[in-house]
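**Student:** First to last, the protein sequences are chains R and P.
Letter by letter, the first sequence follows residues 1 to 207 of the working numbering.
Letter by letter, the second sequence follows residues 208 to 414 of the working numbering.
Dropping a structure here in structure tokens format, bear with me for questions.
There are 2 protein chains.
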Amino acid sequence: MDSRNEIINAACQVFARLGFRGCTTRRIADAAGVNEVTIFRQFGSKEALIREAMKRTHSVDLAPLPDVPTNPERELTSWSESFIQHLRLRSSIIRKTMSEMEERPEMCESASYVPRQASADLCHYLTALKRQGRAAEKFDPKTAAAMLMGAIFADAMGRGMMPDVYPQPEEKAAQMYTRLLLKALGVENGAPRPTTKQTKRAKQLSA
Amino acid sequence: MDSRNEIINAACQVFARLGFRGCTTRRIADAAGVNEVTIFRQFGSKEALIREAMKRTHSVDLAPLPDVPTNPERELTSWSESFIQHLRLRSSIIRKTMSEMEERPEMCESASYVPRQASADLCHYLTALKRQGRAAEKFDPKTAAAMLMGAIFADAMGRGMMPDVYPQPEEKAAQMYTRLLLKALGVENGAPRPTTKQTKRAKQLSA
DNA sequence: TGTGTAAGCAAGTAACTACTTGCATCCCTC
DNA sequence: GAGGGATGCAAGTAGTTACTTGCTTACACA
Chain R
1 MDSRNEIINA
11 ACQVFARLGF
21 RGCTTRRIAD
31 AAGVNEVTIF
41 RQFGSKEALI
51 REAMKRTHSV
61 DLAPLPDVPT
71 NPERELTSWS
81 ESFIQHLRLR
91 SSIIRKTMSE
101 MEERPEMCES
111 ASYVPRQASA
121 DLCHYLTALK
131 RQGRAAEKFD
141 PKTAAAMLMG
151 AIFADAMGRG
161 MMPDVYPQPE
171 EKAAQMYTRL
181 LLKALGVENG
191 APRPTTKQTK
201 RAKQLSA
Chain P
208 MDSRNEIINA
218 ACQVFARLGF
228 RGCTTRRIAD
238 AAGVNEVTIF
248 RQFGSKEALI
258 REAMKRTHSV
268 DLAPLPDVPT
278 NPERELTSWS
288 ESFIQHLRLR
298 SSIIRKTMSE
308 MEERPEMCES
318 ASYVPRQASA
328 DLCHYLTALK
338 RQGRAAEKFD
348 PKTAAAMLMG
358 AIFADAMGRG
368 MMPDVYPQPE
378 EKAAQMYTRL
388 LLKALGVENG
398 APRPTTKQTK
408 RAKQLSA
């Protein structure tokens with residue numbers, strides 16, 4: 001039962017390098033150190049194998065974002081950093097998947113799980129930030145989330161190809177995007193700004 | 208000499224749909240309404256044909272951005288809109304190119320021309336904006352440019368796959384990203400804010 | 001009217017593709 | 001030690017791939 005795992009891992013690697021058409025059963029077998037026939041005995045067909053391999057690579061858990069923001073810059077920065085790292089580690093396979101998706105729409109479901117989850121988490125956090133009255137500017141959480149995630153995604157996909165287009169140093173990029181976003185939202189790192197409701201309470205407290 | 212053009216166009220279409228490995232000479236010939244042998248007589252090899260086809264698809268001129276900003280919101284929004292439209296029209300071929308690039312690095316040069324140009328134009332504009340003293344916040348032009356372009360790029364690539372993750376309506380997305388960026392930079396649409404140098408002159412003038 | 005050039009067509013090459021079959025070998029378990 | 005399941009190996013199938021060759025047709029130009 002171990003060869004099964006090795007085959008799936010090998011399939012992931014070869015797929016990331018060469019895409020669906022390029023990852024032939026022979027190449028997968030070579031990479032797995034296994035006879036080509038074993039693949040067909042284990043999975044029935046190349047398509048079934050790739051389906052399993054994709055299911056595995058795309059089921060990942062993201063770093064969580066707190067339900068109640070306390071330090072937006074720190075919390076968002078560390079989320080952004082873990083997200084960009086996730087994308088960078090998988091940039092090859094993500095590129096391949098995005099390119100195959102039109103031809104093989106069944107890949108879409110598993111592949112879109114992570115970005116959907118990330119977007120939902122981020123939107124939820126930004127909405128909480130807004131409700132806390134910490135944002136000086138009006139903004140649409142979905143647009144803001146798409147902006148930050150888009151910047152991170154493009155960086156992870158494009159930096160290898162055009163390093164001079166993206167901010168330096170690479171390790172600070174996620175932080176820089178995050179800070180820029182927080183400025184757009186008018187979020188400072190101090191205590192929540194009073195909302196109209198909170199104002200009375202705040203005044204009473206300070207009196 | 209006309210069949211040459213039709214072959215190149217067909218090659219672009221088939222490549223956009225199926226990528227390098229999927230765009231077989233037979234399929235290209237069918238799409239061009241031409242005998243397969245003609246391809247080899249005209250271009251010598253499939254690789255040479257694809258090279259020419261890529262050269263053609265990636266040589267595009269972008270909407271210009273003025274050297275001297277006057278109305279940042281209007282100017283940047285219309286630039287963003289033309290950029291996102293450019294990417295949307297070519298999303299299939301861009302996805303394919305990005306996915307093939309690791310395997311065929313020679314594609315990189317022609318494919319990276321447009322985003323490099325766009326980044327340079329945008330950086331130049333944002334730097335001018337800064338020098339004019341119109342930005343209330345300090346910012347790194349390259350980071351800001353990467354952020355806006357990243358948001359636009361991710362939208363153009365990802366909306367088809369996950370429409371609910373991106374801001375609605377689609378036609379306003381570029382504008383929304385642009386506005387968010389301008390807020391991050393602290394740019395208002397009025398006259399340039401005085402810089403320290405300009406302050407004296409401004410005071411003299413107003414006195 | 002003759003000539004050159006671009007194209008079509010039919011056929012064929014060698015390599016590769018996913019996938020199958022038959023048989024030998026291993027190791028685990030009863 | 002016998003049986004069974006997983007694996008390896010050699011061979012083969014039918015289809016596809018890029019690319020070639022030889023011959024024919026069509027049109028343009030002189």
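Just so it is clear, CB atoms sit at the ideal spot from N, CA and C, and this is done for glycine as well.
May I ask which residues mark the beginning and end of the alpha helix (DSSP H) holding N9(R)?
**Tutor:** 2-22
**Student:** Would E307(P) be called buried (16 or more neighbouring beta carbons within 10 Å of its own) or exposed?
**Tutor:** Buried.
**Student:** Cβ closer than 7 Å: which chain R residues qualify as neighbours of S326(P)?
**Tutor:** V165
**Student:** On a Cα-Cα basis, can you pick out the residue from P66(R), R41(R), M176(R), T57(R) that is closest to A351(P)?
**Tutor:** M176(R)
**Student:** Which of the residues in the region 129-163 of chain R, read from start to end, lie with their CB under 9 Å from any CB of chain P?
**Tutor:** Legend: CB atoms of the region 129-163 of chain R lying less than 9 Å from CB atoms of chain P belong to residues E137, F139, D140, K142, T143, A144, A145, A146, M147, L148, M149, G150, A151, I152, F153, A154, D155, M157, G158, G160, M161, M162.
**Student:** Check whether the region 370-387 of chain P and the region 308-321 of chain P touch, using three or more Cβ-Cβ pairs below 8 Å as the test.
**Tutor:** no
**Student:** What is the rounded straight-line gap between the Cα of R258(P) and the Cα of A217(P)?
**Tutor:** 13 Å
**Student:** Going by alpha carbons, who is nearest to R295(P) out of Q375(P), P273(P), G365(P), R323(P)?
**Tutor:** G365(P)
**Student:** Suppose the cutoff is 7 Å on Cβ atoms and the five residues either side in sequence are ignored; what does the same chain contact list for N211(R) look like?
**Tutor:** The first residue shown for chain R is 1 and the last is 207, placing residue 211(R) beyond what the model contains.
**Student:** In three-state DSSP terms, what is V321(P)?
**Tutor:** helix
**Student:** Would you decide whether P169(R) is buried or exposed? Buried here means 16 or more other CB atoms lie within 10 Å of its CB.
**Tutor:** exposed
**Student:** Does A29(R) come out as helix, strand or coil in the three-state DSSP assignment?
**Tutor:** helix
**Student:** From A31(R) to L49(R), what does the alpha carbon distance come to, in whole angstroms?
**Tutor:** 14 Å
**Student:** Are the region 349-363 of chain P and the region 321-334 of chain P in contact at 8 Å, needing three or more beta carbon pairs?
**Tutor:** Three or more Cβ pairs drawn from the region 349-363 of chain P and the region 321-334 of chain P lie within less than 8 Å of each other, which places the two stretches in contact.
**Student:** Which chain R residues are close to C315(P), counting only those with a beta carbon under 9 Å from its beta carbon?
**Tutor:** The answer, in chain order, is M161, M162.
**Student:** Give me the residue from K379(P), M305(P), G240(P), A391(P) with the minimum Cα distance to A223(P).
**Tutor:** Distance from the Cα of A223(P) is smallest, within the candidate group K379(P), M305(P), G240(P), A391(P), for M305(P).
**Student:** In the DSSP assignment, what residue or residues form a beta bridge with V394(P)?
**Tutor:** A342(P)
**Student:** Enumerate in chain order the residues of its own chain whose CB-to-CB distance from G186(R) is below 6 Å, with the five nearest sequence positions on each side excluded.
**Tutor:** A135, A136, E137
**Student:** For a cutoff of 8 Å on Cβ pairs, would you count P276(P) as touching chain R?
**Tutor:** no
**Student:** Does the beta carbon of Y332(P) sit closer than 8 Å to a beta carbon anywhere in chain R?
**Tutor:** no
**Student:** Taking buried to mean at least 16 other C-beta atoms within 10 Å of its own C-beta, is E313(P) buried or exposed?
**Tutor:** Here E313(P) is exposed, its C-beta having fewer than 16 other C-beta atoms within 10 Å.
**Student:** Measuring CA to CA, which of C23(R), L18(R), A53(R), R26(R) is closest to R4(R)?
**Tutor:** A53(R)
**Student:** 8 Å is my cut-off, CB to CB: does M54(R) come that close to chain P?
**Tutor:** no
**Student:** For the alpha helix (DSSP H) that contains G158(R), what are its first and last residues?
**Tutor:** That run of the alpha helix (DSSP H) goes 141-158.
**Student:** Mind reading off the beta-carbon distance from C23(R) to I93(R)? Whole number of angstroms is fine, and I expect it under 8 Å.
**Tutor:** No, C23(R) and I93(R) are not in contact; Cβ-Cβ is about 11 Å, not under 8 Å.
**Student:** Using a Cβ cut-off of 9 Å, pull out every chain P residue sitting near L87(R), in sequence order please.
**Tutor:** The contacting residues do not exist; L87(R) stays about 11 Å from chain P at best.
**Student:** State the Cα-Cα distance for the pair F227(P) and K303(P), rounded to the nearest angstrom.
**Tutor:** 8 Å
**Student:** In chain P, which residues lie less than 7 Å from P169(R) when you measure between Cβ atoms?
**Tutor:** Here the premise fails: no neighbours, minimum Cβ distance about 12 Å.
**Student:** Let me see if you follow: with CB-CB separation under 8 Å, is K390(P) close to chain R or not?
**Tutor:** Yes, K390(P) lies at the interface with chain R (some Cβ there is under 8 Å from its Cβ).
**Student:** At the 8 Å Cβ level, is Y384(P) part of the contact set with chain R, yes or no?
**Tutor:** yes
**Student:** Quick one: what does DSSP say T277(P) is sitting in, helix, strand or coil?
**Tutor:** Reduced to three states, the DSSP call for T277(P) is coil.
**Student:** Can you grab the Cα-Cα spacing for the pair E243(P) / R234(P), in whole Å?
**Tutor:** 9 Å
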